[in-house]
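When you line the sequence shown up against the numbering used here, it's residues 2 to 466, in that order. Shown next, in C-alpha cells, is the structure this report addresses.
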Amino acid sequence: MNNKSVFGVFGLGVMGSSISLNIADKGYALSVYNRAEGGEENVLKNFMETNGHRENLQGFTDLMAFIESIERPRKILIMIKAGPTVDLVLNKLLPLLSMGDIIIDGGNSHYLNTKRRFELAQAQGVEFIGAGVSGGEEGARRGPSIMPGGTKESYAKVSEVLESISAKDDFGKTCCAYIGPEGSGHFIKMVHNGIEYVEMQLLAELYALMSVEMTHKEIADVFKAWNQGELSSYLIGITAEILNKKEGETYLLDLILDKAGNKGTGSWSSKAAFDLGIPNTMMSGAVFARYISSFKESREKFSNLTSAIKDKKEPLNLSLLKEAYQFARLINHQQGFKLMQMASESYEWNLNFSEIARIWSNGCIIKSQLMNDLHDYFKKENDLFDMTEVTKVLIKGEGAITQILTCGLNQRVSLHCLSASYYYWVDMTTKNLPANLIQAQRDFFGAHTYQRVDKLPEEYFHTKW
Ligand code: 6PG
C-alpha cells in the first residue's frame, strides 16, 4: 500500500490492538507501530499475520517509517502503559514530528502528567490530547467511551476518527465528546475509575451479605433481576455472570484468592479529593478495602482472634437490600461528580456534567441506567441533592440502609462503602455537627481561632482556655 494513512496507533498491547481494529473497521487508512525488542519481538508480526490482509492497515517496527507513513498533520494515538514509559515514548516521538502534528495519549495517565506533557509538546509545536478511554478490551474493539482533553482546535482535528470508533448512547450520539483543556480528560477518566472502584466494592459487600445465607446461583439471580430495571448497569450484569461461572463442579469464584489488586487510579482519585477538599469517603473506603484484602497472610493469622459468632436473627430482606444499594449508588455518584465539579472550578475547566454523564451512558465500565438519568437531571441541577428524583430515593432509602448496616454488624460483614454512603448522607443533612468541638480543641492547643454562631462569618476569635 503506497497511500499515506490518516491515523496512527503506537502500541499494540491488548487495548492498542483492539482500538486499531476498531479504527480499521471504520475504513480509515491506519498505520500501527510496535517496537520489536524487549520481549516484544513478535508483537507486530503476530498482529499483522492475523490482520495484515486488511487493505487499509500498515504495520511498522521502525518508528521513522511509521511516522512517514501518516499524512500531515499526523494524528497518532499512543496506547501504552501509563507512567514513565509515556515520557520515554514522547522523547522519541517529539523530535520526529512536525509542527501541528497531534499526539493523543489514550492510556490511564495521571492528569498532572498530562498537563506537563501537553506543555512539553506545545513548546515543540506539537499538539497533545490526553484522552481517557474506558470499556476494557471489548469496549476498545466495539466502541469505548472516550474523554478527550486538550484544546478545542486539536480535538476538532481528531474528532471524526474518535467519534466514529466510540460507543453510541441511547439516541445514537457518540460517547465521545470534548471534555476541556489540558489534563481534564484524564482527570474525569480517573474519577470514572474511582466511581468504578466503589460500584465494584458495593457489589462485593452485597455479595458478602447475601453469601451468609444464599448460594452463588441465588445471588446471581438477584443481580440478574435487578439488572432489568432502574438499577441496571454493566457491572451488575458481569457480576451475575461471574457468580454463575463454574470450573467443573466448582464455582470459579470460590477458587479465586481474596486479594484485590489495583493499578492506582482509585487512589489517585482519592488523593485528588483530599487535595481539593472533597469528602469522597466512598472512594477512599473502596481503595482501603482493596488494600486490607491484600493483607491475606495477616488476616489469616489474626482470624484466630475471634470466634466470629454471628448473630443470625432473621433472613436478609432483599427488598431492603435493593433500596440500600440504590441509596449507596446515588451517594457514590454524588461524591464522584462533586469531585469533578470542584476540579472544574479550581482549574477553570468549565466541564459539562450532563454531557459527561451522557458519554458514560455507554461504552464504559460504569455505564448504567442511572447515568442516562443523570444526563437528564444535570441539565436542570448541578447537585444530586438538589434533584428531587434523587432525594426522593435517598429519603426513602435511609430506613433501608440503616437496617442493612445493622444486619452487617450482626453478621460481622464489613460494609466499607455502604456505611460511608450512609454517614455522608447523615452528615450532609445535619445542621449541627460536633465540629464546634474540633474548632475549640484546635484553638486550645494551637490558637487556630474559631468563628462564632453569634458573630459574622468573617470574624475569627481566640480564647485563652
Ligand atoms: C476502564 C477500566 C480500565 C481498567 C482499570 C482497572 O475504564 O476500561 O477502568 O481503565 O480496567 O484501570 O483498574 P484497577 O486495575 O486499578 O482495578
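Ideal Cβ positions, reconstructed from N, Cα and C, are used throughout, including at glycine.
The distance from the Cβ of H417 to that of F289 is about 7 Å, consistent with a contact at the 8 Å cut-off.
Within the chosen limit of 6 Å, ligand 1 does not reach the beta carbon of S294 with any heavy atom. I243 and T450 have their C-alpha atoms some 54 Å from each other. Your pair N351 and G181 checks out as a contact, with CB atoms roughly 6 Å apart and the cut at 8 Å.
Scanning the segment 235 to 260 for uninterrupted alpha helix (DSSP H) segments of 4 residues or longer gives 235 to 245, listed from N- to C-terminal end. A residue is called buried when at least 16 other Cβ atoms come within 10 angstroms of its Cβ; D171 does not meet this threshold and is exposed.
As summarised for the segment 58 to 107, the continuous beta strand (DSSP E) elements at least 3 residues long and confined to that stretch are 58 to 61, 76 to 79 and 103 to 106, given in chain order.
Fewer than three Cβ pairs drawn from the segment 364 to 375 and the segment 277 to 297 lie within less than 8 Å of each other, which leaves the two stretches out of contact.
Taking C-beta atoms as the reference points, V199 and M80 fail to come closer than 7 Å.
In this structure, the C-beta of G400 stays at least 6 Å away from each heavy atom of ligand 1. S420 sits away from L434, with the two beta carbons spaced by 7 Å or more. When only Cα atoms are considered, S110 and V192 end up about 12 Å apart. For the 7 Å CB-CB criterion, E356 and A178 form a contact. A261 and Y112 have their C-alpha atoms some 24 Å from each other. Within the same chain, Cβ atoms closer than 6 Å to the Cβ of A274 are found at N281 and L340, the five residues on either side in sequence being excluded. The DSSP-derived three-state label of V33 is strand.
Assignment of beta-bridge partners to K169 by DSSP yields T175.
With fewer than 16 other beta carbons inside 10 angstroms of its own, I257 counts as exposed.
Distance between I366 and L236, taken at the CA atoms: about 7 Å.
Here the alpha carbons of V33 and V159 stand approximately 17 Å from one another.
Residue nearest to N92 within the set R118, R73, G107 and E72 is R118 (criterion: CA-CA distance).
L317 and S415 have their alpha carbons spaced roughly 15 Å apart.
Check the Cα spacing between G101 and each of I77, V87, V90 and L232: the tightest is with I77.
For N4 and G195, the gap between their C-alpha atoms comes out near 43 Å.
Looking at the backbone, the Cα of Q202 and that of Y208 are separated by about 10 Å. Restricting attention to alpha helix (DSSP H) runs no shorter than 4 residues, the segment 257 to 330 encloses them at 266 to 277, 282 to 295 and 297 to 303, ordered along the chain. Per the coordinates, the alpha-carbon of R73 lies some 56 Å from the alpha-carbon of T430. Here I71 is not near L97, since their CB atoms are 7 Å or more apart. Residue burial annotation: V127 is buried, with at least 16 other C-beta atoms found within 10 angstroms of its C-beta. Within the same chain, M388 come within 8 Å of K381 by CB-CB distance, once the 5 residues on both sides are set aside. Under the 10 Å beta carbon count, Q452 is surrounded by fewer than 16 other beta carbons and is classified as exposed. Counting only the Cα atoms, F354 lies some 35 Å from V454.
The beta carbons of A344 and F188 sit closer together than 7 Å. Nearest Cα to L22 within the set E50, V44, A141 and N35: A141.
Taking the Cβ atoms as the reference, K46 lies roughly 28 Å from S165, outside the contact range of under 8 Å. Burial is judged here by how many other beta carbons sit within 10 angstroms of a residue's own beta carbon; M65 has fewer than 16 and is exposed.
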